[in-house]
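Reading through the structure tokens given below for one structure.
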Amino acid sequence: MDFEDTPEEAAFRAECNKWLSDNAEPRSEEGDQTAELFEERDEEAFIKEAQAWQAKKADAGWACIRWPEEYGGRSATPIQQVIWNQEVGKFHAPEGVFTIGQGMGGPTVITHGTPEQKEKWLRPLLRGEEIWCQLFSEPAAGSDAAGITTRALRDGDEFIVNGQKVWTSGAHYSKWGMLTTRTDPDAPKHKGMTYFIVDMESEGITVRPLKQMTGGANFNEVFFEDVRIPAWNVIGDINDGWRIAMTTLMNERVAIGSGSGGSGGMRALFDLARNSTATGTRGSEDPEVRQELMKLQTLANIMKYTSFRTLTSISQGKVPGPEGSIGKLILVKSMAASADLAERLSGAGGMCAGSDAPEHGRWVQLLLSYPGMKIAGGTDEILKNIIGERVLGLPREPRVDKDVPFKEIPGGTLASA
Ligand SMILES: Cc1cc2nc3c(=O)[nH]c(=O)nc-3n(C[C@H](O)[C@H](O)[C@H](O)COP(=O)(O)OP(=O)(O)OC[C@H]3O[C@@H](n4cnc5c(N)ncnc54)[C@H](O)[C@@H]3O)c2cc1C
């Protein structure tokens, strides 16, 4: 494990920091993005601000830096992307709404798209003019992303799509969606899928928001009723959609965060313990609270050093190992324990949400949002399977439906077309 930048990395970091200092406002408390995340915001205004920021970066050559130069990026190495992420985290930079399109969609089109598809989609995506969403999960296909039943039937130069997707983050403000469909139900499940880029304004698409217990509605149900998609929009070959979807999913894991180990959250928790008397004594003097705080600080340190391990292998040009799964498991465990402790320390005020609540209601938001984190980007159980199989060398899970025609698998009934 190497904690220091190489001379080249340090020079790149200085270059990023110089441009950011000239073009964005620094955060008041370095590394602590948690509080801002939980502030109430006007979504439309936020998107406009994010698009303006994206265009500014694109003009200066700082948008999608991992993309090849010919598509507007700067062919940055993975470690340069990590350095940029770390530096941008120190400034007010509205980035989130483009993560799915730029981090997952763009690389998929760059890898598998035709020259004409690249011409059409990449530049507006890079400049933030068009937002993308990911239409993979269905009511009965989440962890098993190949178990989808949304049907696409060929009709001349078009496909007619029927079915339903769910948990689609940002579908309500996206222009394009990455869509997985079933085109050959006679083939085994991984071999009969086709991958499209669908115009979210197409006739027959209905987007319905799903209200979350946090009060927000970031994701949606998306219904397809006889939606016509040009065959031109297929990425890769027909029935080869699983291979293309794997590129999208692999890039989901490469979208690496700042690696700050949650230090901002810990700082806020220590402050809360210092100021609270809700447990009957000052939190920072309560032996049980002190023990909990130390357990959480230990978890934060484990996350930090595990992420350094990943960064070191990226810096050395290696593919990061399964430690990302360990990091995410610990992150969620620590979010749950932090929320529990913060609620105990906050007393009745800890139940209030909204901008006029104590600390903008950040702790109740954490309490209500961490269950979603246990699921998004791989559930705890799926991550444990990965660790069991790839770290501990345990036998692989049995995959009894691997070579069976999809239509013969229980649940393999397709949406009618
Ligand atoms: C915040 C958030 C944002 C999301 N955004 C998107 C998005 O933009 N686009 C999109 O397509 N999807 C999105 N999803 C959906 C997400 O990918 C799925 O929820 C996830 O893959 C789990 O699928 P599922 O909900 O169908 O649960 P299931 O896969 O049905 O799992 C149910 C339970 O069974 C367990 N389980 C399943 N398989 C196994 C196994 N093999 N071994 C052991 N246990 C297992 C799971 O761990 C879980 O506890 C989002 C989800 C969340 C929470």
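If you want my numbering, it's the 1-based position in the sequence shown plus 53.
All residues carry an ideal CB built from backbone N, CA and C; glycine is no exception.
Inter-residue spacing [alpha-carbon to alpha-carbon] between residue i and residue j
i       : j       : result
Asp-208 : Ala-67  : 55 Å
Ala-77  : His-145 : 6 Å
Leu-401 : Gly-154 : Going by the sequence as given, residue 401 is Ala instead of Leu. Going by the C-alpha atoms only, they are around 41 Å apart.
Trp-472 : Pro-147 : The question about residue 472 has no answer, for the chain in this structure spans 54 to 470.
Gly-216 : Glu-278 : 7 Å
Asp-58  : Val-260 : 45 Å
Gly-446 : Lys-71  : 46 Å
Ser-337 : Glu-396 : 15 Å
Gln-265 : Asn-271 : 8 Å
Ile-440 : Ala-353 : 20 Å
Ser-190 : Val-219 : 6 Å
Cys-405 : Phe-323 : 20 Å
Val-135 : Leu-364 : 8 Å
Gly-465 : Gly-245 : 12 Å
Met-303 : Cys-186 : 16 Å
Ala-198 : Gly-114 : 35 Å
Thr-203 : Ile-282 : 13 Å
Leu-384 : Ala-63  : 28 Å
Thr-242 : Thr-332 : In the sequence as presented, Thr is not what sits at residue 242; that position holds Lys. Those two C-alpha atoms are separated by around 54 Å.
Thr-234 : Thr-164 : 20 Å
Ser-391 : Leu-263 : 26 Å
Asn-292 : Ala-116 : 33 Å
Ala-193 : Glu-412 : 39 Å
Thr-236 : Leu-206 : 6 Å
Tyr-124 : Gly-269 : 35 Å
Gly-430 : Ala-410 : 30 Å
Glu-376 : Thr-432 : 15 Å
Check: residue i C-beta below 8 Å from any heavy atom of ligand 1
i       : result
Leu-188 : yes
Gly-125 : no
Asn-271 : yes
Gly-430 : yes
Ser-222 : yes
Gly-149 : no
Ser-196 : yes
Asp-290 : no
Asn-304 : no
Met-426 : yes
Asn-286 : no
Lys-218 : yes
Asp-433 : yes
Glu-450 : yes
Ile-153 : yes
Asn-438 : yes
First through last residue of the beta strand (DSSP E) which encompasses residue i
i       : result
Gln-217 : 211-222
Thr-233 : 229-235
The alpha helix (DSSP H) enclosing residue i, as first and last residue numbers
i       : result
Asn-438 : 433-439
Pro-60  : 60-76
Arg-343 : 340-368
DSSP bridge partner residues for residue i (one or two, in chain order)
i       : result
Pro-458 : Pro-241
Pro-448 : Answer is none; Pro-448 lacks a bridge partner.
Pro-79  : Phe-144
For a minimum of 3 consecutive residues, which ranges assigned as the beta strand (DSSP E) are wholly contained in the segment 157-209?
185-188, 204-208
Minimum length 4: unbroken alpha helix (DSSP H) runs contained in the segment 398-429:
415-426
Starting from the N-terminal side, write out each stretch of the beta strand (DSSP E) that is 3 residues or longer and does not extend beyond the segment 240-314.
246-252, 258-263, 272-283
Enumerated in chain order, which unbroken segments of the alpha helix (DSSP H) with a length of 4 residues or greater are wholly contained in the segment 93-149?
96-113, 131-141
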